[in-house]
Amino acid sequence: MDLYVMPWKPDDDVYGEAAGLACDDRVLDLVVTHGDGTFYWEVVDGCDSIACGTATSAAEARRAAETAGRRAFIRAA
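Just so you know, we're using the numbering used here here: the sequence shown kicks off at 9 and counts up by one.
Following this line, the structure appears as structure tokens:
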């Protein structure tokens with residue numbers, strides 16, 4: 009099982025940043041939306057949100073999204 013990481017990049021569609029994780033035939037989108045001191049993160053599988061939360065910094069939100077994405081792949085294995 010190889011995990012591929014598509015790095016974080018600014019994304020105007022989500023008013024923040026987006027990245028991706030891929031393993032086998034499954035791709036997860038990782039999204040961080042920048043707000044007024046709050047950063048909303050989400051992991052999306054196709055059209056379904058499978059994990060989400062808030063953080064107090066963009067770096068914390070990115071880490072949380074990456075961790076949730078990895079856990080989703082581990083549960084599926």
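Ideal Cβ positions, reconstructed from N, Cα and C, are used throughout, including at glycine.
- In the displayed model, residue 24 falls within a strand according to three-state DSSP.
- Residue burial annotation: residue 77 is buried, with at least 16 other C-beta atoms found within 10 angstroms of its C-beta.
- Residue state for residue 64 is assigned as coil, using DSSP reduced to three classes.
- Per DSSP, residue 9 is not a residue of any beta strand (DSSP E), being assigned neither H nor E.
- Look at residue 41 here: in three-state DSSP terms it is strand.
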